[in-house]
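Here is the structure we will look at, set down as structure tokens.
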Amino acid sequence: MTNTSLYTRISTLPRQIQNEIFDYMEFLIQKYKPQRTKIRPKAGCMQGTFQMSPDFNEPLDDFKEYMK
Numbered sequence: 350m351t352n353t354s355l356y357t358r359i360s361t362l363p364r365q366i367q368n369e370i371f372d373y374m375e376f377l378i379q380k381y382k383p384q385r386t387k388i389r390p391k392a393g394c395m396q397g398t399f400q401m402s403p404d405f406n407e408p409l410d411d412f413k414e415y416m417k
């Protein structure tokens with residue numbers, strides 16, 4: 350079946366059936382879409398790539414007014 354013949358047959362159908370065909374096509378596209386494997390990062394893989402400042406947990410000067 351060619352694209353042209355498929356289009357011709359679908360275009361002769363009532364709009365409601367065309368919508369159902371479209372929904373079914375979307376379902377099939379999702380069903381047969383290649384599944385991507387999720388790569389889970391390993392614990393500690395970023396170790397040593399950044400450094401926290403010693404005062405990281407200290408209150409910010411911008412919020413001193415609200416802390417009173």
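For our numbering, count along the sequence shown from 1 and bump the result up by 349.
Positions of the beta carbon are idealized from the N, C-alpha and C atoms, including for glycine.
Since this is a predicted model, take the numbers as computed values, not measurements.
What are the boundary residues of the alpha helix (DSSP H) that includes Ser354? According to the DSSP assignment, Ser354 belongs to the alpha helix (DSSP H) that extends over Asn352 to Ser360.
By how many angstroms is the C-alpha of Glu369 removed from the C-alpha of Leu355? Taking C-alpha positions only, Leu355 is separated from Glu369 by approximately 15 Å.
Beta-carbon separation of Pro408 and Met416 under 7 Å? Taking 7 Å as the Cβ cut-off, Pro408 and Met416 qualify as a contacting pair.
CA-to-CA distance, Phe371 to Arg358, given in whole angstroms: 13 Å
Rounded C-alpha distance that separates Thr353 from Ser360: If you take the alpha carbons of Thr353 and Ser360, they lie about 10 Å apart.
DSSP three-state call for Met374: helix, strand or coil? helix
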